[in-house]
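Worksheet for the structure shown next.
2 protein chains.
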Amino acid sequence: MDGMTQSQPNGPQLARLAALLADETRASFCLALLDGRAWTAGELARLAGVAASTASEHLSRLVAGGLLAEERQGRHRYVRLAGPQVAQLIEDLSGHAAPPPAPRTLRAAGAGEAMARARTCYDHLAGRLGTAITDAMLERGLLEGTTGFALTEAGVDWFGRLGVDLASAPRGRRPMARSCLDWTERRPHLAGVAGAALCRHALDAGWCVRIGTQRALRVSEEGRRALSGLLGVRTADL
Amino acid sequence: MDGMTQSQPNGPQLARLAALLADETRASFCLALLDGRAWTAGELARLAGVAASTASEHLSRLVAGGLLAEERQGRHRYVRLAGPQVAQLIEDLSGHAAPPPAPRTLRAAGAGEAMARARTCYDHLAGRLGTAITDAMLERGLLEGTTGFALTEAGVDWFGRLGVDLASAPRGRRPMARSCLDWTERRPHLAGVAGAALCRHALDAGWCVRIGTQRALRVSEEGRRALSGLLGVRTADL
DNA sequence: CCGGTGGTTCGGCCCCGGCCGAACCGTCGG
DNA sequence: CCGACGGTTCGGCCGGGGCCGAACCACCGG
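Residue numbers (this note's numbering), protein chains in the order written: chain A, 14 to 251; chain B, 14 to 251.
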């Protein structure tokens, strides 16, 4: 009876992964990268308020740990999340973390309000917009919610009428529909291949436009009409 | 333009949560507790090979962080995962961690083989047994897998015929059906309320019995007949 | 060719936190 | 009432790692 009978997914491996996110600076990097875009090392350093050298070391660790993918261009080091699985990991984790404290400044409160209205969550829609769309799809039977989380046949057709062929959408082991906990609404919104396709369509069709450099979104007049007509979503408060 | 424009789910919160799992000893505690049962502080200390005092401190941190629930009984301190959300968190995280290295000893290899055949994963079935059942349910249309992960009407009926009324099963915000990545098979198996109900039924009906003190399971003769008849699952290699 | 700038490497500082053993406390059993 | 035992608290040790600034390298622009 040795005392070291390992539980299978070795503790060390789990600890090594968690340690990557256990630092405040690295965590803030990953949260920033949740916007799905590639950032330069300098941008992230300024965001977190650390020296460039410090950021550089953190990025190397995150890349070595497989969480980030890097791409060197000239004298810039661009870095982004390594893939949807990583985005999901960060989302899941922050969904279980304690709710954020109230914003300090008026500016921050304003920015927070914009994010709460509508934003991207890696590659799908979130905020009140995201949950409102998800709710409407559940209500209209495009999405099944009581026995799990899956697109219905009607849902697949609905995407088809939008001009989005989900069958031909690129998917590896990624689920078609997935529930992602919204950290402002504290309720689920649509993620996965379908969520990403919907977000892409919304941006391509001009339903939403990005606000400044953040991942917050503004719903266009065209978008309001489309959402109202297609899903009956009231966008008055967005 | 302050450099500290926070991403919303405050980095610090995420880091604090991750830090709880970023220690090898604490990680091994959590993985052990994935069997869904309550362990005493001493058992966990011996498992991880640390002094009782060290284990005590780790447990206090995990409890304070909300990952573990404790229950004092006489001179014992029993501790278990705080709930299914926590179990899911650990599962998700270890699903993304690097695969475990090959076992060192023959004993360990044997125990690993037993775990790979059939085991519990917090409160549902896993291992080859778990994935075989899930595959069969997908094949028979009891479970929807191509557009998400949800129980079909036929699936709800199937549970009803087993004598399991899912509508009356206790569920808070917990999803009815959820996909959980199996770390031996590297494929999904059924979790969530339905997965837990199935596991409970399998144990109650004597389809499976626990092997020793581990979370490995043995499929009984009765269980083989039931699984073969109900789902066409071949249990020859289990 | 020569600044300006983004990124990296290195050395050094310092603190956090994981570990232990010893002392202590409470419960259980005789 | 007393020993045995599980658990906790405290002090002290020590290593890891996060941070910075300085020096350095590479690319880009004029």
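Glycine is no exception: its CB is placed at the ideal position from the N, C-alpha and C atoms.
Distance CB(residue i)-CB(residue j) smaller than 8 Å
i, j, result
"A131 (chain B)", "C221 (chain B)", "yes"
"G161 (chain A)", "M189 (chain B)", "yes"
"A82 (chain B)", "A95 (chain B)", "yes"
"L30 (chain A)", "L106 (chain B)", "yes"
"T165 (chain A)", "E157 (chain A)", "yes"
"A129 (chain B)", "R141 (chain B)", "yes"
"H214 (chain A)", "V177 (chain A)", "yes"
"V246 (chain A)", "I103 (chain A)", "no"
"R88 (chain B)", "A51 (chain B)", "no"
"S233 (chain B)", "G219 (chain B)", "yes"
"D136 (chain B)", "A209 (chain B)", "yes"
"T133 (chain B)", "E198 (chain B)", "no"
"P112 (chain B)", "R187 (chain B)", "no"
"A127 (chain B)", "A229 (chain B)", "yes"
"D195 (chain B)", "A249 (chain B)", "no"
"A100 (chain A)", "L179 (chain A)", "no"
"G154 (chain A)", "A167 (chain A)", "yes"
"A124 (chain B)", "R90 (chain B)", "no"
"R74 (chain A)", "L33 (chain A)", "yes"
"P201 (chain B)", "S192 (chain B)", "yes"
"A163 (chain B)", "A163 (chain A)", "yes"
"A68 (chain B)", "S41 (chain B)", "no"
"G24 (chain A)", "L240 (chain B)", "no"
Collapsed DSSP secondary structure at residue i in the structure displayed
i, result
"R120 (chain B)", "helix"
"Q86 (chain B)", "strand"
"W171 (chain A)", "helix"
"D15 (chain B)", "With a pLDDT of only 37 at D15 (chain B), under 50, the local geometry of the prediction cannot be trusted, and the value read off the model is given with reservation. Three-state result, D15 (chain B): coil."
"A249 (chain A)", "coil"
"P25 (chain A)", "helix"
"V177 (chain B)", "coil"
"P112 (chain B)", "coil"
"T165 (chain B)", "coil"
"R231 (chain B)", "strand"
"V63 (chain A)", "coil"
"A210 (chain B)", "helix"
"R153 (chain A)", "coil"
"A139 (chain B)", "strand"
"A100 (chain B)", "helix"
"T133 (chain B)", "strand"
"A204 (chain A)", "strand"
"R238 (chain A)", "helix"
"A32 (chain B)", "helix"
"T53 (chain A)", "strand"
"R199 (chain B)", "coil"
"R187 (chain A)", "coil"
"L72 (chain B)", "helix"
"L47 (chain B)", "coil"
"L106 (chain A)", "helix"
"L216 (chain A)", "helix"
"L243 (chain A)", "helix"
Within chain B, partners of residue i - CB distance below 7 Å
i, result
"P257 (chain A)", "In the structure as shown, chain A starts at 14 and stops at 251, and residue 257 (chain A) therefore has no counterpart that could be examined."
"H109 (chain A)", "L30, Q98 and L102"
"L240 (chain A)", "Here the premise fails: no neighbours, minimum Cβ distance about 22 Å."
"V169 (chain A)", "T160"
"L34 (chain A)", "L27, A28 and A31"
Proximal chain A residues relative to residue i, where beta-carbon distance stays under 8 Å
i, result
"S192 (chain B)", "P188"
Contact list for residue i against chain B, beta-carbon separation under 9 Å
i, result
"D105 (chain A)", "Q101, L102, D105 and L106"
"G57 (chain A)", "In the sequence as presented, Gly is not what sits at residue 57 (chain A); that position holds Leu. Here the premise fails: no neighbours, minimum Cβ distance about 11 Å."
Heavy atom of the ligand MG within 7 Å of residue i beta-carbon
i, result
"L216 (chain A)", "By its list of ligands, the structure shown contains no ligand whatsoever, and the ligand MG lies outside what it can speak to."
Near-chain B residues of the segment 148-166 of chain A (beta-carbon distance less than 7 Å), N- to C-terminal order: E157, T159, T160, G161, F162, A163 and L164
Touching or not, the segment 29-45 of chain B and the segment 25-40 of chain A, by the rule of three or more beta carbon pairs under 8 Å? yes
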